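Residue numbers (the working numbering): 130 to 577.
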Ligand code: UD1
Ligand code: CA
């Protein structure tokens, strides 16, 4: 048994009305064509070939190092496959052809399709499904339950339009009979395109065995041609992902309004409110509470963490940390256990040791803060002189008074205390008090 996969992804996607190539539009965070290419690499295909054309450089940037054939002019799906002729000429196994715009297909479906195709000794097997509203899809035309061809919407008569069994755009072809039939297709149709679907009638006329493999879950074959369909695909994928999390023990208040990308991992009893957006390589532990208007991307989060209305990027957050509302963790931050960062606090490339508190209006950048230190409201590490970045180191059990400017590079010792309103430019040793501000002047009865 030998299998090659071929993904058609050269089209412009006119109906999408977009500058981005259609197949790069994302469904729950993953570009459609990447999703299909990933599945193809998991089903035991010996070679996966992409047909690229429209803005191929952009597609290649997303897919990385892949094998592809260029279709310089997009003259139809049949023409697209013809471009791969050379790659298939000495191959006598099965070619599975897929479209780059059907991101909801499951790996298991492709495996079953291939198995069915092999077991039925067919020359061609078409993946199909039943749609109550089949508009836009190629219709499977049968006589005496045998396939005679596929007719596209544009060429369909009223009678054919009433057929509800549609072409998913996924096929298994025996390579030899595919290549023979491709030589015979033409573009004498409404769109003036070379339709891959015309291969079916040619196969039939040559007495080849053509089968259909009907899929019960018609969501899976949804083809994305417009932004309306893109939204629909996002809803279906979101439902799949969120249902899986709930089955694993995660609590979602409203599964329709919680946005979790496929790559995210979440522990049981973690509670997620509507409006949360969890992205990338994020993992969240157990018993956490993630409130609405929170975006988390590429973060590792421990257990019992609470995040409210905040943005967390590429950071490590250990257990029992509380964040927000309105905090911003920028990349390479590390909050150790029981840290609290509150209202309007921004942390960048800084490590906050266990129990550090920065409750309000603070910027900590390129800093290290020792255990249990309290950072008063309005503290700023002045880490940038317009050219270079400098580090601030604050020891443990220190108390930084409100409205302190720590002009980096600067070191603040353990147990030290900085008076409110200070501008600190020199190191402060441990156990010391440092104050730098003008003395208060009070003039009695001045208002009189
Ligand atoms: C196609 C099928 C239709 C099927 C539907 C399933 C044909 C003629 N029609 O219609 O029967 O029901 O898919 O979703 O095949 N592409 C190229 N080069 C081209 C044209 C298209 O690579 O010259 C690629 C596109 O990038 C896309 C895929 O082929 O990924 C399908 O093309 P599309 O225009 O979306 O076909 P449909 O009209 O949806
Ligand atoms: Ca399509």
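Think of the CB as a built atom: it goes at the ideal place given N, C-alpha and C, for glycine as much as any other residue. Quick caveat, the model's predicted, so the values are computed rather than measured.
Q: Return the CA-CA distance between residue 156 and residue 187, expressed in angstroms with no decimal places.
A: Cα to Cα, residue 156 sits roughly 17 Å from residue 187.
Q. Contact between the segment 167-186 and the segment 374-392: three or more CB pairs below 8 Å?
A. Per the Cβ contact rule, the segment 167-186 is not in contact with the segment 374-392 (fewer than 3 Cβ pairs under 8 Å).
Q. CA-CA distance, residue 419 and residue 150?
A. Cα to Cα, the separation comes out at about 34 Å.
Q. Under the rule that 16 or more other beta-carbon atoms within 10 Å means buried, what is residue 558, buried or exposed?
A. exposed
(Q) Check for me: the alpha helix (DSSP H) holding residue 245 runs from which residue to which? (A) 236-248
Q) Quick one, which of 273, 268, 211, 510 has its alpha-carbon nearest residue 106's? A) Missing from the structure shown is residue 106; the chain here goes from 130 to 577 and no further.
Q. Any contact of the segment 215-229 with the segment 272-289, i.e. 3+ C-beta pairs under 8 Å?
A. Note that the segment 215-229 does not touch the segment 272-289; fewer than 3 beta-carbon pairs, one per stretch, sit closer than 8 Å.
Q: Leaving aside the five residues before and after residue 316 along the sequence, list all residues of the same chain whose C-beta is less than 6 Å from its C-beta, in chain order.
A: Taking C-beta separations shorter than 6 Å and ignoring five residues to either side along the sequence, the partners of residue 316 in its chain run 322, 323, following chain order.
Q | Buried or exposed (CB count within 10 angstroms, at least 16 for buried), residue 357 | A | exposed
Q: Just list the alpha helix (DSSP H) runs in the segment 197-223, keeping only unbroken ones of 4 residues or longer that don't cross its boundaries, in chain order.
A: 206-211, 214-217
Q. Measuring from the CB of residue 354, is there a heavy atom of ligand 2 at a distance below 7 Å?
A. yes
Q. Do you know offhand how far residue 369's Cα is from residue 427's?
A. 21 Å
Q) Run through DSSP, which three-state label would residue 503 get? A) strand
Q.
In whole angstroms, give me the CA-to-CA distance for residue 471 and residue 477.
A. 15 Å
Q.
Give me, in chain order, the residues of the same chain whose beta-carbon lies closer than 8 Å to that of residue 320; leave out the 5 immediate sequence neighbours on both sides.
A. 205, 281, 283
Q. What residue does the beta strand (DSSP E) around residue 371 start on, and which one ends it?
A. Per DSSP, residue 371 belongs to no beta strand (DSSP E); it is in the alpha helix (DSSP H), 356-376.
Q) Hey, how far is the Cα of residue 554 from the Cα of residue 181? A) 58 Å
(Q) Tell me the rounded alpha-carbon separation between residue 510 and residue 537. (A) One C-alpha to the other measures close to 7 Å.
Q.
On the criterion of 16 or more Cβ atoms from any shown chain inside 10 Å, does residue 252 qualify as buried, or is it exposed?
A. buried
Q) Got a sec: does ligand 2 put a non-hydrogen atom nearer than 7 Å to the Cβ of residue 230? A) yes
(Q) Measuring alpha carbon to alpha carbon, tell me which residue in 486, 229, 249 is nearest residue 350. (A) Scanning 486, 229, 249 for the CA closest to the CA of residue 350 turns up 229.
Q) Taking all protein chains shown into account, do 16 or more other C-beta atoms lie within 10 angstroms of the C-beta of residue 235, making it buried, or fewer, making it exposed? A) exposed
Q | Those runs of the alpha helix (DSSP H) which lie wholly inside the segment 531-569 and span at least 4 residues | A | Taken in chain order, the segment 531-569 contains no complete alpha helix (DSSP H) segment of 4 residues or longer.
Q) How would you label residue 561, buried or exposed, when you count the other beta carbons within 10 angstroms and need 16 or more for buried? A) exposed
**Q.** residue 134 Cβ short of 7 Å to ligand 1 heavy atom set
**A.** no
Q: Would you kindly work out how many angstroms separate the C-alpha atoms of residue 247 and residue 400, rounded to a whole number?
A: 46 Å
Q. Around the Cβ of residue 498, are there at least 16 other Cβ atoms within 10 angstroms (buried) or fewer (exposed)?
A. buried
Q. If you drop the 5 nearest sequence neighbours on each side, which residues of the same chain put their C-beta closer than 6 Å to that of residue 485?
A. So the list reads 468, 498, 502, once near-sequence residues are dropped.
Q) Ordered along the chain, which non-local residues of its own chain (more than five positions away) have a Cβ less than 6 Å from that of residue 433? A) 416, 448, 449
Q | Cβ-based neighbour list, residue 407, same chain, cut-off 6 Å, excluding 5 preceding and 5 following | A | 389, 393, 425
Q: Would you tell me roughly how many angstroms separate the C-alpha atoms of residue 338 and residue 302, rounded to the nearest one?
A: 11 Å
Q: Please report the residue range of the beta strand (DSSP E) in which residue 496 lies.
A: 496-498
Q.
So, at 8 Å on beta carbons, what are the nonlocal neighbours of residue 507 in its own chain, with the 5 sequence-adjacent residues on each side left out?
A. 489, 490, 491, 531, 532, 533
Q) From the beta carbon of residue 456, is the nearest beta carbon of chain C less than 8 Å away? A) Among the chains in the structure shown there is no chain C, since it carries only a single protein chain.
Q.
For residue 112 and residue 164, which I take to be in contact (beta-carbon distance under 8 Å), what is that distance rounded to the nearest angstrom?
A. The chain is shown only over 130 to 577; residue 112 falls outside these bounds and no answer can be derived.
Q. Distance, Cα to Cα, residue 512 vs residue 402?
A. 36 Å
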